[in-house]
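Have a look at the structure below before the remarks.
2 protein chains.
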Amino acid sequence: MAAPRRTTLHDVAQEVGVSAKTVSRVLNGDGPTSAQTREKVLAAVERLGFQPNLMARNIRTGGPDTTVGLIIPDMGNPFFGTVARGIEDAIRERGLTLLMGSSADDPDRERALITTFLARRVSALMVAPTARADHAHLRTARSSGMPVVFLDRPGAGLTADCVVSSNRAGGREGTAHLIAGRHRRIAFIGDRPVGLFTRRERLAGYREALEAAGLPYDRSLVVDGHTQAEAAEATVRLLRRAEPPTAILAANNLSAMGTVLGLARAGRRDIALVSFDDLPFAEVLEPAITAVAQDPAAIGAAAAELALARLDGDRTRARTVTVPTRLIVRGSGELPPGT
Amino acid sequence: MAAPRRTTLHDVAQEVGVSAKTVSRVLNGDGPTSAQTREKVLAAVERLGFQPNLMARNIRTGGPDTTVGLIIPDMGNPFFGTVARGIEDAIRERGLTLLMGSSADDPDRERALITTFLARRVSALMVAPTARADHAHLRTARSSGMPVVFLDRPGAGLTADCVVSSNRAGGREGTAHLIAGRHRRIAFIGDRPVGLFTRRERLAGYREALEAAGLPYDRSLVVDGHTQAEAAEATVRLLRRAEPPTAILAANNLSAMGTVLGLARAGRRDIALVSFDDLPFAEVLEPAITAVAQDPAAIGAAAAELALARLDGDRTRARTVTVPTRLIVRGSGELPPGT
DNA sequence: TTGAAAGCGCTAACAG
DNA sequence: CTGTTAGCGCTTTCAA
Chain D
1 MAAPRRTTLH
11 DVAQEVGVSA
21 KTVSRVLNGD
31 GPTSAQTREK
41 VLAAVERLGF
51 QPNLMARNIR
61 TGGPDTTVGL
71 IIPDMGNPFF
81 GTVARGIEDA
91 IRERGLTLLM
101 GSSADDPDRE
111 RALITTFLAR
121 RVSALMVAPT
131 ARADHAHLRT
141 ARSSGMPVVF
151 LDRPGAGLTA
161 DCVVSSNRAG
171 GREGTAHLIA
181 GRHRRIAFIG
191 DRPVGLFTRR
201 ERLAGYREAL
211 EAAGLPYDRS
221 LVVDGHTQAE
231 AAEATVRLLR
241 RAEPPTAILA
251 ANNLSAMGTV
261 LGLARAGRRD
271 IALVSFDDLP
281 FAEVLEPAIT
291 AVAQDPAAIG
301 AAAAELALAR
311 LDGDRTRART
321 VTVPTRLIVR
331 GSGELPPGT
Chain E
1 MAAPRRTTLH
11 DVAQEVGVSA
21 KTVSRVLNGD
31 GPTSAQTREK
41 VLAAVERLGF
51 QPNLMARNIR
61 TGGPDTTVGL
71 IIPDMGNPFF
81 GTVARGIEDA
91 IRERGLTLLM
101 GSSADDPDRE
111 RALITTFLAR
121 RVSALMVAPT
131 ARADHAHLRT
141 ARSSGMPVVF
151 LDRPGAGLTA
161 DCVVSSNRAG
171 GREGTAHLIA
181 GRHRRIAFIG
191 DRPVGLFTRR
201 ERLAGYREAL
211 EAAGLPYDRS
221 LVVDGHTQAE
231 AAEATVRLLR
241 RAEPPTAILA
251 ANNLSAMGTV
261 LGLARAGRRD
271 IALVSFDDLP
281 FAEVLEPAIT
291 AVAQDPAAIG
301 AAAAELALAR
311 LDGDRTRART
321 VTVPTRLIVR
331 GSGELPPGT
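Order-wise, the sequence lines are chains D and E.
According to the UniProt record's numbering, the first sequence holds residues 1 to 339 in order.
According to the UniProt record's numbering, the second sequence holds residues 1 to 339 in order.
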């Protein structure tokens, strides 16, 4: 039992006894059609279960496809998942569909996805770029009219629209909050690679806050904790030092989760913590976690808005939209330094 | 400055001085080609920045498009995000790309996405169906050879492959764990609607465990907590009763988060809790949360495997794959009933 | 108000 | 080893 050929516009036309073009007119509501034929056509469409082939349509009309390509590091990460959802909700209203892929922080995989998306003639491309990727190769595509928006971090080798959190201000604010609690040895647990935009910016904010308070910058207090496990270990090691920190700024959600875990393992409830990026359980933990909250849905919405404006003909120069972070004080940041 | 027309196969052919078909042969490696022409063609492809139009190719070859349609309730939900990632990783190896959308638990939105995906001639369709959706309309598409796989819950009106967690066994095991701790009044906090497959199954497991232990089933101990806020309130209300429960089985991750929140608000650390679906902070909380863990990545992988097998010609009857859950004992389930 | 012809970018089928 | 012709399913263009 071979799969039956799917019914086409012609099948419908034949069924009704009109030309294919007439069916097309009825379905797309362009040319004029008599009420009679319209009715007959619609009935036949229903009867045969006809579904127009969007790709065939597209190839003829020549424009870009009604899809938007989106590349994020990992779909399982709720931060990026929520960004994606924000994008989807915004482009849905324009009848656009998401073509999605995870780069897994691998530049080659990212590159492969971009190639595929371009081959599919996406209307726009949105990428949370991996650290080592180069995007110069996107120039041709963009100069032929396809909007490119970078998410969370700017791309390399290509000036394009970009949506980021207020990383530096957030890092500064979170650190200042700890300093206000009279902490003087504040560790920074960051992700990798060290050159990663978000890490760099948040670290810069951390340093600005130290400087503003006249505190020295101690490089040895800046450690790596890219995964939850790594951050937990890093935390434990920090606390074993001769001169341990009394407070920690965790530079992203995974680092923060690991830090919480590490503190729990070390049995330390006297270490202050501020997490960059809010955590699902922040208010249930004891102490509740003070966080520099990002707004991933707003990031997605802003990215979509930028791209749609470009599709509508906006030819102004590339913009960077900064979505503000918000310090949510809950308690973990206010533990007094135990000296 | 109008957008320049994108370069086509013909442009490349002309540039080199061969026919379009020759370029096609070089690029797709089907027919034989001399090393010389191949080289010249590839150089021209590079020079002109040619990218083949996948949709045009597709329309000619006639088969389904090299995309897979995936519909989940919410991309921001890490459970479904991880399922999606599992699917993506599996289909990538076959050169398939994900077309994705969120149903937002709205049957109409789900239906619209399905229609779009069918119009795009996806190779396969994977859906975590909304509670009230009907899928009879998918029969035509499926009988024309397109695999359909339901995720997390079976679809309605259509017998198709399906991948679910061992909901009933998990519910039973989680409840039995509480009973083993000598609890006799165990509440069930579930999501909505009441008819939702996962809720029904988990509740059935809960009842089986009660029955096996000779405990009565008390309907008043089964309450709704679909969102985190709702579950928190439900928990507080439960504990205010004349005869409060001494233990709680939370039927999904949101309910569990809310329950934890409710317990914290009520200042009750003496209520035992088992969460269906593991929580990111489970081991950091005090007490650490005992969970019936699901395996979303495995669910995604299994779904992809089913769909790919169908694409490879598997015509056996529809299967339901059950991905086992795993009880992770951490402490919260072993609080003794305080009488 | 409708139809016929041509063609979007690509490949199948045949020829050379 | 390469080119030609035809046509995928649809829409544009022009004519009736």
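Think of the CB as a built atom: it goes at the ideal place given N, C-alpha and C, for glycine as much as any other residue.
Buried versus exposed, by CB contacts within 10 Å (16 or more), residue i
| i | result |
| --- | --- |
| A242/D | exposed |
| Q228/D | buried |
| A304/D | buried |
| E88/E | buried |
| R120/D | buried |
| S332/D | buried |
| M1/E | Note that M1/E scores 41 on pLDDT, short of 50, meaning its location in the model is unreliable; the coordinates nonetheless yield the value given after this. Result: exposed. |
| V329/E | exposed |
| G170/E | buried |
| L335/E | buried |
| T61/E | exposed |
| E46/E | exposed |
| A282/D | buried |
| S255/E | buried |
| G214/E | exposed |
| R92/E | buried |
| N28/D | exposed |
| P216/D | exposed |
Chain D contact residues for residue i, given Cβ-Cβ distances below 7 Å
| i | result |
| --- | --- |
| M100/E | L98 and M100 |
| N58/E | M55 |
| R6/E | S144 |
Contacts that residue i makes with chain D (C-beta to C-beta distance below 9 Å)
| i | result |
| --- | --- |
| M257/E | P280, F281 and V284 |
| E88/E | M75, M100, G101 and S102 |
Residues that residue i contacts on chain E, provided the C-beta gap is smaller than 7 Å
| i | result |
| --- | --- |
| D65/D | M55 |
| A44/D | Under the 7 Å cutoff, chain E gives no residues; its nearest Cβ is about 15 Å from A44/D. |
| A264/D | V284 |
| V321/D | Here the premise fails: no neighbours, minimum Cβ distance about 20 Å. |
| R121/D | N53 and M55 |
Contact belief for residue i with residue j at Cβ below 8 Å, rounded distance in angstroms
| i | j | result |
| --- | --- | --- |
| A187/E | V223/E | 7 Å |
| V163/E | L306/E | 7 Å |
| T259/E | A231/E | 5 Å |
Amino acids of chain E, ordered along the chain, whose beta-carbon sits closer than 8 Å to that of residue i
| i | result |
| --- | --- |
| T82/D | M75 and G76 |
| H167/D | The sequence as given places Asn at residue 167/D; His does not occur at that position. Within chain E, no residue comes near N167/D; the closest Cβ sits about 21 Å away, beyond 8 Å. |
| G49/D | T140 |
| E201/D | Ordered by position in chain E, no residue passes the 8 Å Cβ test against E201/D, which lies about 24 Å from the chain. |
| L118/D | Q51 |
| L261/D | E283 and V284 |
DSSP bridge partner residues for residue i (one or two, in chain order)
| i | result |
| --- | --- |
| residue 390/E | For chain E, the structure presents residues 1 to 339; residue 390/E sits outside this window and is missing. |
| T33/D | According to DSSP, T33/D bridges with nothing at all. |
| I179/D | None, per the DSSP bridge assignment. |
| A250/E | I189/E and S275/E |
| I328/E | A291/E |
| G49/D | BP columns for G49/D are empty, so no partner. |
| M100/D | L70/D and L98/E |
| D161/E | V149/E |
| D224/E | G190/E |
| V321/E | V163/E |
Residues that residue i contacts on chain D, provided the C-beta gap is smaller than 8 Å
| i | result |
| --- | --- |
| V148/E | Correct list: empty, because the minimum Cβ distance to chain D is about 14 Å. |
| R85/E | D74, M75, G76 and S102 |
ask   = Would you say the region 4-14 of chain E touches the region 189-196 of chain D, given that touching needs at least three Cβ pairs under 8 Å?
value = no
inquiry  = Measuring CB atoms only, is the region 36-46 of chain D touching the region 69-76 of chain D, in the sense that at least three cross pairs come out at less than 8 Å?
reply    = no
task = Assess, as a yes-or-no matter, whether the region 309-317 of chain E is touched by the region 167-176 of chain E under the definition of 3 or more beta carbon pairs within less than 8 Å.
result = The region 167-176 of chain E, when compared against the region 309-317 of chain E, does not touch it at the 8 Å Cβ threshold.
ask   = Touch check for the region 273-285 of chain D and the region 111-125 of chain D: three-plus C-beta pairs under 8 Å?
value = no
task = Spell out a yes or no on whether the region 92-107 of chain D and the region 94-101 of chain E are touching, meaning 3 or more CB-CB pairs, one atom from each, closer than 8 Å.
result = yes
Three or more C-beta pairs below 8 Å linking the region 250-270 of chain E and the region 50-67 of chain E = no
task = Indicate whether the contact test is met: 3 or more Cβ pairs, each with one atom in the region 151-171 of chain D and one in the region 197-204 of chain D, closer than 8 Å.
result = The region 151-171 of chain D is in contact with the region 197-204 of chain D.
inquiry  = Counting beta carbon pairs with one atom in the region 319-327 of chain E and one in the region 279-296 of chain E, are three or more of them shorter than 8 Å?
reply    = yes
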